[in-house]
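Accompanying notes for the structure given below.
Protein chains: 2
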Amino acid sequence: MSWKLAQRADKMNPSVIREILKVTEKPGIISFAGGLPSPQTFPVDAMLEATQKVLTQDGRSALQYAASEGYGPLRDWVAHDLKKQGMDVSADQVLITTGSQQGLDLVAKILIDAGSRILVETPTYLGALQAYTPMEPTVVSVASDDEGVDAADLRIQAGSGADAARFVYLLPNFQNPTGRTMTEARRAAVAAVAAEVGLPVIEDNPYGDLWFDAPPPASLASRNPDGTLYLGSFSKILAPGLRLGYLVAPKALYPKLLQAKQAADLHTPSFNQRIVSEVLKDGFIDRHVPTIRALYKSQCEAMLAALEREFGHTGHGGGDHSLQWNRPAGGMFLWTRLPAGLDAVKLLPKAVDHNVAFVPGSAFYADNADPRSMRLSFVTASVSQINIGIAALAQTIREAQAAL
Amino acid sequence: MSWKLAQRADKMNPSVIREILKVTEKPGIISFAGGLPSPQTFPVDAMLEATQKVLTQDGRSALQYAASEGYGPLRDWVAHDLKKQGMDVSADQVLITTGSQQGLDLVAKILIDAGSRILVETPTYLGALQAYTPMEPTVVSVASDDEGVDAADLRIQAGSGADAARFVYLLPNFQNPTGRTMTEARRAAVAAVAAEVGLPVIEDNPYGDLWFDAPPPASLASRNPDGTLYLGSFSKILAPGLRLGYLVAPKALYPKLLQAKQAADLHTPSFNQRIVSEVLKDGFIDRHVPTIRALYKSQCEAMLAALEREFGHTGHGGGDHSLQWNRPAGGMFLWTRLPAGLDAVKLLPKAVDHNVAFVPGSAFYADNADPRSMRLSFVTASVSQINIGIAALAQTIREAQAAL
Numbered sequence: 001m002s003w004k005l006a007q008r009a010d011k012m013n014p015s016v017i018r019e020i021l022k023v024t025e026k027p028g029i030i031s032f033a034g035g036l037p038s039p040q041t042f043p044v045d046a047m048l049e050a051t052q053k054v055l056t057q058d059g060r061s062a063l064q065y066a067a068s069e070g071y072g073p074l075r076d077w078v079a080h081d082l083k084k085q086g087m088d089v090s091a092d093q094v095l096i097t098t099g100s101q102q103g104l105d106l107v108a109k110i111l112i113d114a115g116s117r118i119l120v121e122t123p124t125y126l127g128a129l130q131a132y133t134p135m136e137p138t139v140v141s142v143a144s145d146d147e148g149v150d151a152a153d154l155r156i157q158a159g160s161g162a163d164a165a166r167f168v169y170l171l172p173n174f175q176n177p178t179g180r181t182m183t184e185a186r187r188a189a190v191a192a193v194a195a196e197v198g199l200p201v202i203e204d205n206p207y208g209d210l211w212f213d214a215p216p217p218a219s220l221a222s223r224n225p226d227g228t229l230y231l232g233s234f235s236k237i238l239a240p241g242l243r244l245g246y247l248v249a250p251k252a253l254y255p256k257l258l259q260a261k262q263a264a265d266l267h268t269p270s271f272n273q274r275i276v277s278e279v280l281k282d283g284f285i286d287r288h289v290p291t292i293r294a295l296y297k298s299q300c301e302a303m304l305a306a307l308e309r310e311f312g313h314t315g316h317g318g319g320d321h322s323l324q325w326n327r328p329a330g331g332m333f334l335w336t337r338l339p340a341g342l343d344a345v346k347l348l349p350k351a352v353d354h355n356v357a358f359v360p361g362s363a364f365y366a367d368n369a370d371p372r373s374m375r376l377s378f379v380t381a382s383v384s385q386i387n388i389g390i391a392a393l394a395q396t397i398r399e400a401q402a403a404l
Numbered sequence: 405m406s407w408k409l410a411q412r413a414d415k416m417n418p419s420v421i422r423e424i425l426k427v428t429e430k431p432g433i434i435s436f437a438g439g440l441p442s443p444q445t446f447p448v449d450a451m452l453e454a455t456q457k458v459l460t461q462d463g464r465s466a467l468q469y470a471a472s473e474g475y476g477p478l479r480d481w482v483a484h485d486l487k488k489q490g491m492d493v494s495a496d497q498v499l500i501t502t503g504s505q506q507g508l509d510l511v512a513k514i515l516i517d518a519g520s521r522i523l524v525e526t527p528t529y530l531g532a533l534q535a536y537t538p539m540e541p542t543v544v545s546v547a548s549d550d551e552g553v554d555a556a557d558l559r560i561q562a563g564s565g566a567d568a569a570r571f572v573y574l575l576p577n578f579q580n581p582t583g584r585t586m587t588e589a590r591r592a593a594v595a596a597v598a599a600e601v602g603l604p605v606i607e608d609n610p611y612g613d614l615w616f617d618a619p620p621p622a623s624l625a626s627r628n629p630d631g632t633l634y635l636g637s638f639s640k641i642l643a644p645g646l647r648l649g650y651l652v653a654p655k656a657l658y659p660k661l662l663q664a665k666q667a668a669d670l671h672t673p674s675f676n677q678r679i680v681s682e683v684l685k686d687g688f689i690d691r692h693v694p695t696i697r698a699l700y701k702s703q704c705e706a707m708l709a710a711l712e713r714e715f716g717h718t719g720h721g722g723g724d725h726s727l728q729w730n731r732p733a734g735g736m737f738l739w740t741r742l743p744a745g746l747d748a749v750k751l752l753p754k755a756v757d758h759n760v761a762f763v764p765g766s767a768f769y770a771d772n773a774d775p776r777s778m779r780l781s782f783v784t785a786s787v788s789q790i791n792i793g794i795a796a797l798a799q800t801i802r803e804a805q806a807a808l
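As structure tokens, this is what we get:
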């Protein structure tokens, strides 16, 4: 039988992380690899109560086909919540998506032609690269540092005329994979460049609510609403298994995104939207999210303390022959750099032998990957597992250095 | 701000049906327009019980990220159910999708290049056209009659070499929009042509379980498993608001479909999959589906009887100056042809004035639409509404004929 694949299918690849996670599926392993929120934080009781209410009071509507835009009260909630954060959003700009991953797929469909240049941070979220790849863009990495993309390089890469980049994709808060946050000054500079050269911004914010001590600076969308398409998610503040996210689009873009959404899956499950809308009533999030913040902060601090204990410095000491790491102000991830001479991909199987796992950072680069980089999630393992796991990782590194 | 849309976005259009449904959203209207399953058939109590069980027993797993392939026990159930229908399917060929609409989107992504020829029935399912359009195919309508596509024309349109069609998209059972079913002889002929010329088949089967008196003939996939990609859905046998469908792929295609799925939304909501898997335990479907069949059969019979009463024949009598209609053996739709001189698009506002609505059939043609065709759904309205609605429709038609 002559199944002929589309050209774009050749460019699609299995997720590197997915393959890595298979390696790490070993009983008893302590995994810092996956990006799984702590299941402790899932509001099971609230979900149970909301589901009963939804099915009992209006079950048949919750189980019927529904509008592609999303459930009205949930769209209202999103608009209201973003307004509290300083964004000028009306509910008719909100499109409920089947997880924010779908938002990235819709963005790709309406904005990327084969060969279009799109700009990303260095490194960037792997799932976004996967969502964009089927539409066959040329992905360009913008120079980045601990504060995010470099505004000067962004201006250079933006290009102009027929060669102008279609957009820059940014994750300003507690970025996946690095855990870094764009400072206020950097946001101002990036927003100014984008506005000046007319470069559209895709702002992805799944982690913004997970701050430890203070909320991050105002979003890019709040600085340039017509030039920013903003993506949010309920995966990290409620639960990812619901697959509920949203995008907020400038009014000129909304109709095309809606058509793409309708063609993609008609609408996001009405059942899930109504349940979450019920859960969100009466300020639930304002009581719930602080408990996630406190948990993740304690886990992050435990990992930082364990690293300090093992390596004898606070992250950037110890020179090129020690592990280096950053100190996130929120989110789920910590970014590290192995000592000179080591390679994270080669180190992984040795770490697995020591019953600990991570994701090599090279998975997150569109090009010119740093082979020494490594992503550690601090939210899936408990504090005692973190202590054991970091000790095992340090032992693996010491052994690998001794063998150099 | 310079948002530049992808070329494919120009080809995307708002759903005609969606626009029509807006016209028909008038209080008190009797609608034969939408394709909404009867909410009476939604198993609210079973859903309530299953949700409680899932959340109480393993709620945290149900709310966590999950495998892109789908929930294991649900994939097993699908494979087992299809085996009972004579298909040779293993669970590792089953990919759970966010509604079967998503299956169409994934098919488009991995099989359609810009300009690829794809073949469809005349008329065909509008949602499939919408899912395929963003990948910019050339859509070719194959000549069709009351039994589905014509095998001889299929052979001609299949083409060969670089011009070979990528696939033919078929809906053999109680098709949307026509309600027609491919006979055994036609299936054999179509499967033989497809195998002979190496033409891949996309077989869409959302309605197959909704037969009135006898199950439809065996699927095309059962005749040519390696040459057929099969799509199924829980929307019509449980509830559409869950957005749960599946596709069954030849093993050679599965990995690419899985990569496309992962990029599209990571995975179908694990919450929904586990609940449905719980509902399906212990033969629930075998008790539930017969109640849907009986209800839809009674509604279809009521509509046929009302049409006979109003127009004085059984569907194909009365000549070119009377309404013509078919007699479906299952599903949700009945296909009609207006008397000579009338146009369904022009008739619709007059029908709405008489408090009844339908979908003009022209929405369902890739090209050369029949302006006299009209789709009537018999499952959303009650029997007494059907009687009133068909009388109003007949009155509308008589008035329009008198004004010719």
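Residue numbers (this note's numbering), protein chains in the order written: chain Z, 1 to 404; chain B, 405 to 808.
Glycine included, each C-beta is placed from N, C-alpha and C at the ideal position.
Asked	Found
Under the three-state reduction of DSSP, which class applies to M539 of chain B: helix, strand or coil?	helix
When you compare only the Cα positions, how much space is there between S623 of chain B and R591 of chain B?	8 Å
I want to verify the contact list: residues of chain B whose CB lies under 8 Å from the CB of N13 of chain Z, in sequence order.	Q663
Could you tell me how far apart the beta carbons of L459 of chain B and V379 of chain Z are, in whole angstroms, since I believe they sit closer than 8 Å?	No, L459 of chain B and V379 of chain Z are not in contact; Cβ-Cβ is about 22 Å, not under 8 Å.
What first and last residue would you give for the beta strand (DSSP E) that runs through L63 of chain Z?	Where L63 of chain Z is concerned, there is no enclosing beta strand (DSSP E), given that its DSSP letter is neither H nor E.
Assuming G721 of chain B contacts S637 of chain B under a Cβ cut-off of 8 Å, what Cβ separation, rounded to an integer in Å, is found between them?	Actually they are not in contact, since the Cβ atoms of G721 of chain B and S637 of chain B sit about 36 Å apart, beyond 8 Å.
Please confirm whether I156 of chain Z has its beta-carbon closer than 8 Å to some beta-carbon of chain B.	no
If contact is defined by three or more beta carbon pairs under 8 Å, each pair taking one atom from either stretch, is the stretch 681 to 690 of chain B in contact with the stretch 711 to 729 of chain B?	no
If the cut is a Cβ gap below 9 Å, which residues of chain Z does Q534 of chain B touch?	Q259, Q262 and A263
Excluding the five sequence neighbours on either side, which residues of its own chain have a C-beta within less than 6 Å of the C-beta of V289 of chain Z, listed in chain order?	D209 and I237
Taking 7 Å as the cut-off, is the C-beta of W407 of chain B nearer than that to any heavy atom in the ligand MG?	No copy of the ligand MG occurs in the structure displayed, which carries no ligand at all.
I'd like to know whether the C-beta of G476 of chain B is nearer than 8 Å to at least one C-beta of chain Z.	no
What residues in the stretch 160 to 191 of chain Z bring their beta carbon closer than 9 Å to a beta carbon of chain B?	A164, R166 and F167
Candidates Z:E301, Z:T124, Z:M332 and Z:S68: which alpha carbon is nearest R422 of chain B's?	Z:S68
Using the C-alpha atoms, what's the distance from L36 of chain Z back to W325 of chain Z?	21 Å
Look at the alpha carbon of L154 of chain Z and the alpha carbon of S160 of chain Z, and state the distance between them as a whole number of angstroms.	12 Å
Between the alpha carbons of P123 of chain Z and G645 of chain B, how many angstroms are there, rounded?	38 Å
Residues of chain Z with CB closer than 9 Å to the CB of Q456 of chain B, please, in chain order.	L48, T51 and Q52
Take the Cβ of K660 of chain B as the centre, count every other Cβ of all protein chains shown within 10 Å, and call the residue buried at 16 or more, exposed below.	buried
What residues in the stretch 508 to 525 of chain B bring their beta carbon closer than 7 Å to a beta carbon of chain Z?	D509, K513, I514, L515, I516 and D517
Taking the alpha carbon of L533 of chain B as the reference point, which residue from B:I794, B:G583 and B:A767 has its own alpha carbon closest?	B:A767
What's the gap between the Cα of N772 of chain B and the Cα of S31 of chain Z?	59 Å
Starting from E203 of chain Z, trace the beta strand (DSSP E) both ways and give me its first and last residue.	V201 to D204
Any beta-carbon of chain Z closer than 8 Å to the one on A767 of chain B?	no
Buried or exposed for R180 of chain Z, please, with buried defined as at least 16 other CB atoms from any protein chain shown within 10 angstroms of its CB.	buried
Quick one: list the residues of chain Z neighbouring P443 of chain B, beta-carbon separation under 8 Å, in chain order.	R60, S61, L63 and Q64
Let me know the secondary structure DSSP gives T740 of chain B once reduced to three states.	strand
Can you find at least 3 beta carbon pairs, one from the stretch 196 to 216 of chain Z and one from the stretch 326 to 340 of chain Z, that sit closer than 8 Å?	yes
Could you say which of Z:Q102, Z:D146, Z:P269 and Z:A249 lies nearest to D92 of chain Z if we only look at CA atoms?	Z:A249
Who are the neighbours of S406 of chain B on chain Z, taking C-beta pairs under 8 Å?	A164, G198, L199 and P200
Can you list, in chain order, the residues of the stretch 331 to 360 of chain Z whose Cβ is nearer than 7 Å to any Cβ on chain B?	none
Under 7 Å Cβ to Cβ from S322 of chain Z, same chain only, skipping five residues before and after it: list those, please.	F311, H313 and P339
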